[in-house]
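Notes for the one structure printed next.
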Amino acid sequence: MFHSGTEDVGNAIKINDVLAVYPEYTADISGTSKESGKVRVVATLGNYYLEGEVIEGYAETGYLAMKGTVVCLILTRVKLKH
Numbered sequence: 007m008f009h010s011g012t013e014d015v016g017n018a019i020k021i022n023d024v025l026a027v028y029p030e031y032t033a034d035i036s037g038t039s040k041e042s043g044k045v046r047v048v049a050t051l052g053n054y055y056l057e058g059e060v061i062e063g064y065a066e067t068g069y070l071a072m073k074g075t076v077v078c079l080i081l082t083r084v085k086l087k088h
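Under this note's numbering, think of the first position of the sequence shown as 7, with each following residue one higher.
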């Protein structure tokens with residue numbers, strides 16, 4: 007998941023946090039958009055990315071993962087097995 011890398015993101019989202027997933031962003035997301043799933047943050051990947059796993063429902067590329075007012079853009083990344 008891509009995020010801005012700002013301090014507020016680092017303070018708001020930690021490993022093992024669960025974020026709600028939405029297909030779109032609106033100013034009043036709770037009233038107009040339906041949650042499609044949940045993702046758990048499993049790792050940080052540099053300054054601008056978080057690795058997550060879907061734990062409920064579904065998430066697709068371009069969907070948004072939210073915790074409070076912090077939003078991450080979901081990107082698809084294939085994790086290779088070694």
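Don't be surprised by glycine CBs; every beta carbon is placed ideally from N, CA and C. Note that the structure is predicted; figures quoted are calculated from it, not measured.
Quiz prompt | Residue span of the beta strand (DSSP E) that contains E62, given as start and end | solution = In the sequence shown, residue 62 corresponds to position 56, counting from 1. Looking at the DSSP string, the run of the beta strand (DSSP E) that includes E62 is Y55 to G63.
Quiz item: Count the other CB atoms within 10 Å of the CB of G58; is the residue buried (16 or more) or exposed (fewer)?
Solution: Taking the first residue of the sequence shown as 1, we reach residue 58 at position 52. Buried, by the Cβ-count rule.
Quiz item: What do you get for Y28, buried or exposed, if any count of 16 or more other CB atoms within 10 angstroms of its CB means buried?
Solution: Within the sequence shown, residue 28 is the residue found at index 22, counting from 1. Around the beta-carbon of Y28, 16 or more other beta-carbon atoms lie within 10 Å, marking it buried.
Quiz item: For T82, which option in T12, Y69 and S10 has the closest C-alpha, if you only look at C-alpha atoms?
Solution: The sequence position of residue 82 within the sequence shown is 76, counting from 1. With distances taken between Cα atoms, T82 lies closest to Y69.
Exercise. With DSSP as the reference, please indicate the residues paired to L79 in a beta bridge.
Key: In the sequence shown, counting from the first residue as 1, residue 79 sits at position 73. In DSSP, L79 forms a bridge with F8 and L70.
Quiz prompt | Distance between G63 and K40 (C-alpha atoms, nearest Å) | solution = For the purposes of this step, residue 40 is taken as the residue at position 34 of the sequence shown. For the purposes of this step, residue 63 is taken as the residue at position 57 of the sequence shown. Rounded to the nearest whole angstrom, the CA to CA distance from K40 to G63 is 12 Å.
Quiz prompt | CA-to-CA distance, G74 to R46, given in whole angstroms | solution = For the purposes of this step, residue 46 is identified with residue 40 of the sequence shown, where counting begins at 1. For the purposes of this step, residue 74 is identified with residue 68 of the sequence shown, where counting begins at 1. Rounded to the nearest angstrom, the gap between the Cα atoms of R46 and G74 is 15 Å.
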